[in-house]
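S.K.: This is the structure, below, for whatever I ask next.
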Amino acid sequence: MKPLTKTSFFALLATVSITAAMPAFAATDTDGDGVPDTAEPLIHADPMNADTDGDGMNDLKDDNPVFAATDPIATDGAATPFTVKEALVEDNYNYAAKKDATDHLELQVVNTTGQDLKNFSVYYTITDKDLGTKEAYFKALDSFSVPANGDARIHFDDSGLPGHFRANPNSIYLTSQNAKLFTVELKAEGFKPLTLEINKDAGGAEAAD
Ligand SMILES: [Ca+2]
Ligand SMILES: [Ca+2]
Ligand SMILES: [Ca+2]
Ligand SMILES: [Ca+2]
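Heads up: the sequence shown runs through residues -26 to -1, 1 to 183, numbered per mature numbering (1 follows the signal peptide of the UniProt record, and there is no 0).
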């Protein structure tokens, strides 16, 4: 093999350094918000959601991408037409598969009227009880409905099933073991919202609880 001349060695070195630098320029940005997938966890944002907190500002431009500072839910309207029978943030159970489910926010909504309910939206906050760190999310639950005099469950997880909505995988809910306080404001369009609080004990993974 012909030994490298000094020029070709530097040419080779330049090629190697450009190749090494390439991933930074070509970083994957799945949700197209300008924040590379690898950087999303560093700001506690969701790599699959361009506007993690739902405040209308995308994750790159948002000063706090996991805090929707303004609660857009209107408090006026007719009497609340539903109750929340069960509100869970841990010890979830998958009734269909008859097994424990990963911890997630889950609400069982009972329709107390004779008409189907739809056009739901939710604003919820998560506060770390030890550090005081707080996140706030707004989400329109367009595909969710509750049949007349019946009930339905809202899940915030990643299963993609009906009634299941995406939750931020890099939220303090999942990344911190500290105890948390959840506040949830749930509204069906045209009606007064229902507000509730849910406490989560310290502990993370299901097995460690
Ligand atoms: Ca992104
Ligand atoms: Ca994002
Ligand atoms: Ca945002
Ligand atoms: Ca924000």
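Glycine included, every Cβ here is placed at the ideal spot set by N, Cα and C.
Roughly how many whole angstroms lie between the Cα atoms of T4 and A141?
M.R.: The alpha-carbon atoms of T4 and A141 are separated by roughly 16 Å.
S.K.: Give the DSSP-derived three-state secondary structure of Y111 in the structure shown.
M.R.: Y111 falls in the strand class under three-state DSSP.
S.K.: Going by the C-beta, is A19 closer than 7 Å to any heavy atom of ligand 2?
M.R.: Result yes, Cβ under 7 Å from ligand 2.
S.K.: Answer yes or no: do D29 and A43 have a C-beta to C-beta separation smaller than 8 Å?
M.R.: Yes, these two residues count as a Cβ contact at 8 Å.
S.K.: DSSP has E64 in a bridge; who is on the other side?
M.R.: E64 pairs with nothing; no bridge assigned.
S.K.: With burial defined as no fewer than 16 other Cβ atoms inside 10 Å of the residue's Cβ, what is the status of P46: buried or exposed?
M.R.: Label assigned to P46: exposed.
S.K.: Does the Cβ of E64 have 16 or more other Cβ atoms within 10 Å, making it buried, or fewer, making it exposed?
M.R.: That one is buried.
S.K.: Quick check: does the Cβ of T44 come within less than 7 Å of any heavy atom belonging to ligand 3?
M.R.: Not so, every heavy atom of ligand 3 lies at least 7 Å from the Cβ.
S.K.: Tell me which same chain residues have a C-beta within less than 8 Å of the C-beta of residue 193, skipping the five on either side of it?
M.R.: There is no way to answer for residue 193, as the model of the chain reaches only from -26 to 183.
S.K.: If contacts are defined as beta-carbon pairs under 8 Å, then G51 and F165 qualify, I think. What distance do you get, rounded to the angstrom?
M.R.: About 4 Å separates the two Cβ atoms, so the contact holds.
S.K.: With Y147 as the anchor, note down where its alpha helix (DSSP H) starts and where it stops.
M.R.: It spans I146 to T149 - the alpha helix (DSSP H) in which Y147 sits, taken as one unbroken run.
S.K.: So, with DSSP's three-state summary, where would you put I47?
M.R.: If DSSP states are grouped into helix, strand and coil, I47 belongs with coil.
S.K.: Where does L79 land, buried or exposed, given buried means 16+ other C-beta within 10 angstroms?
M.R.: Its Cβ being crowded by 16 or more others within 10 Å, L79 is buried.
S.K.: Give the DSSP-derived three-state secondary structure of L105 in the structure shown.
M.R.: L105: coil per DSSP, three-state reduction.
S.K.: Per DSSP, S119 forms a beta bridge with which residues?
M.R.: For S119, which the question treats as bridged, DSSP gives no partner whatsoever.
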